[in-house]
Amino acid sequence: MAISSNSIMLLLIVLTAAAVFPAAATDHIVGANRGWNPGINYTLWANNQTFYVGDLISFRYQKNQYNVFEVNRTGYDNCTTEGAIGNWSSGKDFILLGKAKRYYFICGNGQCFNGMKVSVLVHPLPPRRPPPSPPAIRPPLRPIAVSSETGPWVLGFLLLSWGRFG
Numbered sequence: 001m002a003i004s005s006n007s008i009m010l011l012l013i014v015l016t017a018a019a020v021f022p023a024a025a026t027d028h029i030v031g032a033n034r035g036w037n038p039g040i041n042y043t044l045w046a047n048n049q050t051f052y053v054g055d056l057i058s059f060r061y062q063k064n065q066y067n068v069f070e071v072n073r074t075g076y077d078n079c080t081t082e083g084a085i086g087n088w089s090s091g092k093d094f095i096l097l098g099k100a101k102r103y104y105f106i107c108g109n110g111q112c113f114n115g116m117k118v119s120v121l122v123h124p125l126p127p128r129r130p131p132p133s134p135p136a137i138r139p140p141l142r143p144i145a146v147s148s149e150t151g152p153w154v155l156g157f158l159l160l161s162w163g164r165f166g
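The working numbering numbers the first residue of the sequence shown as 1 and each following residue consecutively.
The structure is reproduced here in structure tokens:
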């Protein structure tokens, strides 16, 4: 099967686009389908995730009942919001994980002591692999030289073949 120059050009465009535009960020929903609620092992949940710079972490909960605070390690360990880095209370909070570091999140209304806290380690983006080399382009086939002596025989063979298989 011959590969047309249009097919090769399309392949090169697709490979270039894949190399230039990174894969979409992942939205990690804390607690998955159970959301941000007391009594869930968020450490286990976080250990089953891989977080990269540019990913989102989202907290889903009852708006008037819970909230989310980003805190430092001390705030996380002691369940305190003093000196909080950020806080959210919409019930559907999307937080960009913009740096490679460890993030700490707690619920600020006392539920941290009931397990509503999570720590996530965000990794730098993995290095991009270079795009694969395009397939080698074969030169076009050269016409077969036919002498005046063999010409009628070759022409006859081609006509018979075409008539039989065409």
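Note that CB positions come from ideal geometry on N, CA and C, so glycine has one too.
When DSSP reads this structure, Asn87 sits in a beta bridge with Phe69. Looking at the backbone, the Cα of Asn109 and that of Gln62 are separated by about 13 Å.
Judged by their CB atoms, Val53 and Val118 are not nearer to each other than the 7 Å cut-off. Here the C-alpha atom of Thr81 lies approximately 6 Å from the C-alpha atom of Gly75. Taking a cut-off of 8 Å for Cβ pairs, the stretch 82 to 102 and the stretch 42 to 57 touch, as three or more such pairs fall below it. Burial check for Arg60: the Cβ neighbour count within 10 Å reaches 16 or more, so the residue is buried.
Nearest to Ala25 by alpha-carbon distance, out of Phe113, Gly98, Asn41, Asn67, is Gly98. For Tyr104, the uninterrupted beta strand (DSSP E) run begins and ends at 102 to 106, by DSSP. Only residues of its own chain outside the window of five on either side were considered, and among them Val122 have a CB closer than 7 Å to the CB of Lys101, listed in chain order. For the pair Val68 and Pro127, the Cα-to-Cα distance works out to about 32 Å.
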